[in-house]
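Taking the working numbering, the leading residue of the sequence shown gets 1, the next gets one more, and so forth.
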Amino acid sequence: MLSPANREIVLRHVKAETEHRMDETLATLTPDCVFDDRAFGRVWRGREGARDYYRMWWDAFGIAPHTSARYAPQDDLLIVETRFKGRHVGPFLGVAPTGREVDVPMTIFVSFKDGLLSGEKFYWNLGTLLGQIGVAMPVAMAGTA
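Okay, here's the thing in structure tokens:
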């Protein structure tokens, strides 16, 4: 079960993130937070890294977590199964905006430290997203995301 403090910070974080309020979103993160995106095989570090990560998604898709989600809370870990929905409105991985809608299933492991979110580890399928915007995943990459 999440502590009341961790529950409150998650609610603040999700509200700010969903409303694309960057400064308020970043204020819910530790200065040394780690965003580990397994589909990209890349890690973003610190609040500036988190800013870059959010900016990438918000600019490309106006994306936000969909309201229907399942949560598996632990003391200092929250596992979230959700869907991110948006429309391809900005460049993404060199792909010009297509205007297509995206609906990406995602599982996120959220960790906590000192009353803030200290990290998020994202599991999702890059091929699913690329297919939704009309880009075929190269055969050499298939199954690696």
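We put the beta carbon where it would ideally sit given N, CA and C, even for glycine.
- The residues 44, in chain order, have a CB closer than 7 Å to that of residue 52 in the same chain once the five nearest residues on each side in sequence are set aside.
- If you check the CB distance, residue 30 and residue 130 do not come in under 9 Å.
- Linking residue 3 to residue 38 through their CA atoms gives a straight-line distance of about 27 Å.
- The alpha-carbon of residue 16 is positioned some 22 Å away from that of residue 124.
- Nearest to residue 134 by alpha-carbon distance, out of 25, 1, 93 and 24, is 93.
- Between residue 6 and residue 132, the alpha-carbon positions lie close to 34 Å from each other.
- In the three-state DSSP reduction, residue 126 falls in the helix class (H, G or I).
- With contacts defined as CB atoms closer than 9 Å, residue 80 and residue 107 qualify as a contacting pair.
- Positions of the alpha helix (DSSP H) runs, each at least 4 residues long and wholly inside the segment 76 to 138, are given as 126 to 132 in order along the chain.
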